[in-house]
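What follows is one structure encoded as structure tokens, with my remarks underneath.
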Amino acid sequence: MGSDRQTTYTVIAYITAYEDEIALNACVAALRSQTYSIQHILIVDNSRQPLQLAEANHTDDRIIIWHHPENIGIAGGMALATQWAVQHEYDFLWTFDQDSAPASDCLENLLRAYSDLATEDYAIGMMAPTAIDARTGQIVKPSRFLGDRFRGFLPNNPIAPYECDAPITSGALVWLKTVDRVEPPDTRLFIDGIDLDYGLRLRQAGFQNLVVPGATMYHRFGVPFQVELFGKKKAFQLYAPLRYYYICRNHTYLELRHSKGLYRLTCSLRRVKFLVMTLLKIVAFDSGEKWRKAIACLVGTYHGFLGKIGSGEWGVGSGECK
């Protein structure tokens with residue numbers, strides 16, 4: 073990308089950090105190595121004790137760290153970062169979990185696609201890279217809302233940028249002019265479903281969300297494991313109890329909230345089916361804290377149906393959230 077484009081856009085990167093110095097430093101290093109210059113890297117550290125940056129990262133004067141030992145989650149950190157970036161008149165906020173590492177030309181490719189595609193009649197809310205699961209090598213699918221559920225999909229054309237309702241939050245490049253029409257991520261969601269809610273609200277406000285295949289990023293989720301069922305290999309992810317709670321609660325709440333008419337009935341049935349299948353997976357394959365995880369799923373689903381998504385129901389800020 074030429075120097076004329078390098079002066080066109082101002083970008084601040086944001087990272088949510090939690091109890092993992094190795095992952096945080098790897099993410100920071102990947103951001104510092106971008107071929108397109110990032111003006112600031114803002115870190116919200118939700119760890120109980122401040123995480124330490126490696127010397128090479130620590131001496132970078134672009135890095136700003138805010139320590140929140142009370143744990144404000146991904147959504148809370150993104151809301152603060154969005155507010156700070158708007159106040160300082162940035163063009164884009166590039167959002168990350170600490171478990172992500174973008175390729176060195178990732179930002180350059182995202183901004184090139186934005187320059188090529190964005191017009192007054194085609195407003196882009198988010199540009200996202202192709203996310204690859206660092207442990208399994210599988211592509212992390214962006215989502216569409218199908219009337220009663222969010223569902224991942226892959227495009228027919230694997231080369232051209234393509235639209236979706238919600239790419240994953242990590243790696244998403246958010247155009248900050250959207251803040252005038254769409255509120256930042258809902259802090260009540262804490263750590264899960266933030267991408268689904270925010271992405272769909274951007275689409276409903278008339279913005280497009282695109283995934284750029286030429287921009288790539290590696291991302292780590294929970295603990296993956298693979299089993300063979302009926303002759304086919306299938307990969308699953310295992311999570312801590314707190315994460316199970318928010319997955320079940322937030323997805324139930326969001327899908328039911330956006331479903332209309334008879335779709336609310338099919339949505340409810342799907343959420344019950346998801347609960348049952350998740351409980352069976354925990355009982356069959358999880359080696360630790362089976363009952364605590366099962367209770368987290370049950371309580372989370374119940375709260376999701378009630379629309380009870382404020383903080384504190386399951387001990388926000390405590391336990392392992394991955």
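Each residue of the sequence shown is one higher than the one before, starting from 73 at the first, in my numbering. C-beta: ideal position from N, C-alpha, C; glycine also. Owing to the predicted nature of the structure, the values given are computational and were not obtained by experimental measurement.
CB-CB length for residue i against residue j, believed under 8 angstroms
i	j	result
Asp267	Pro239	7 angstroms
Tyr86	Phe168	6 angstroms
Leu165	Leu248	6 angstroms
Ile84	Ala190	The pair is not a contact, with the Cβ atoms about 19 angstroms apart (cut-off 8 angstroms).
Residue i versus residue j - alpha carbon distance
i	j	result
Gln159	Ile136	15 angstroms
Val371	Leu351	12 angstroms
Ala101	Leu114	13 angstroms
Ser390	Ile144	Residue confidence is low: Ser390 scores 43 on pLDDT, short of 50, so the model does not pin down where it sits. Its coordinate-derived value is still stated next. If I take the Cα positions, the gap works out to 11 angstroms.
Gln111	Gly197	20 angstroms
Asn150	Phe262	At residue 150 the sequence reads Met, which differs from the Asn that was named. Roughly 10 angstroms separates the two Cα atoms.
Lys380	Leu314	16 angstroms
Lys394	Tyr311	Here Lys394 scores only 47 on pLDDT, less than 50, and its place in the model should not be relied on; the value that follows carries that caveat. Approximately 6 angstroms, taken between the alpha carbons.
Ala195	Phe308	36 angstroms
Ala185	Val284	7 angstroms
Gly219	Asp92	38 angstroms
Thr208	Asp252	39 angstroms
Leu125	Thr131	9 angstroms
8 angstroms Cβ cutoff met for residue i and residue j
i	j	result
Gly224	Pro233	no
Glu235	Asn281	yes
Asp403	Asn322	Nothing about residue 403 can be read from this structure; the chain reaches only from 73 to 394.
Ser331	Cys339	yes
Gly382	Arg260	yes
Ala89	Asn118	yes
Thr373	Leu341	no
Phe217	Thr250	no
Met199	Leu226	no
Gly376	Tyr335	no
Ala356	Tyr317	no
Contacts around residue i, its chain only, beta-carbon distance under 6 angstroms, and the 5 residues preceding and following it disregarded
i	result
Thr288	Ala175, Pro201 and Thr202
Asp76	Low confidence applies here, because Asp76 scores a pLDDT of 42, under 50, leaving its location unreliable and the question unanswered by this model.
Any chain B beta carbon closer than 8 angstroms to residue i
i	result
Gly149	The structure shown contains no chain B; it holds only a single protein chain.
Residues of its chain near residue i, where Cβ-Cβ distance is below 8 angstroms and the 5 sequence neighbours each way are ignored
i	result
Ser242	Thr167, Phe168, Asp169, Asp171, Ser172, Ala203, Met289 and His291
Cys178	Gln106, Pro201, Gly243, Ala287, Thr288 and Met289
Gly148	Val116, His140, Thr259 and Phe262
Arg329	Gly379
Glu255	Arg273
Residues near residue i in its chain [Cβ-Cβ closer than 7 angstroms; skip 5 each side]
i	result
Ile231	Pro285
Lys353	Phe308
Runs of alpha helix (DSSP H) lying entirely within the region 323-392, each at least 4 residues, in chain order:
The region 323-392 contains these whole alpha helix (DSSP H) runs: 335-357 and 362-378.
I'd like the ranges of any beta strand (DSSP E) spanning at least 3 consecutive residues and lying wholly in the region 158-226.
Counting only runs of 3 or more, we get 164-169, 172-174, 196-205, 215-217 and 222-224.
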